[in-house]
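Numbering (the numbering used here), first residue to last: 264 to 331.
Virtual Cβ for every residue (Gly too), placed ideally from N, Cα, C.
For clarity, every value in this text was computed on a predicted model and none was experimentally measured.
Encoded as structure tokens, the structure appears first; notes follow it.
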């Protein structure tokens, strides 16, 4: 039973990671102010820690600076 709970939690974490990374991909891809290199940089960051870099991307958009 413990294994089932652990697998369920891991599955939910994986699904959450995938959905948030996909959301960030779509937002970055739709941003016309970014160059191709900047878009690829943000997309690669989304693969590692999408929650953390989504926040950094949104805060950089508010500042008007989409770079790192």
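Backbone secondary structure at residue i - three-state DSSP
| i | result |
| --- | --- |
| residue 316 | helix |
| residue 295 | coil |
| residue 264 | coil |
Residue i, enclosing alpha helix (DSSP H) - first and last residue
| i | result |
| --- | --- |
| residue 327 | First-last for residue 327: undefined, no H or E at that position. |
Contact belief for residue i with residue j at Cβ below 8 Å, rounded distance in angstroms
| i | j | result |
| --- | --- | --- |
| residue 309 | residue 284 | 5 Å |
Option nearest residue i by Cα separation, candidates the options
| i | options | result |
| --- | --- | --- |
| residue 317 | 288, 327, 265 | 288 |
>> Between the segment 302-319 and the segment 286-294, can you find at least three pairs of beta-carbon atoms closer than 8 Å?
In response: yes
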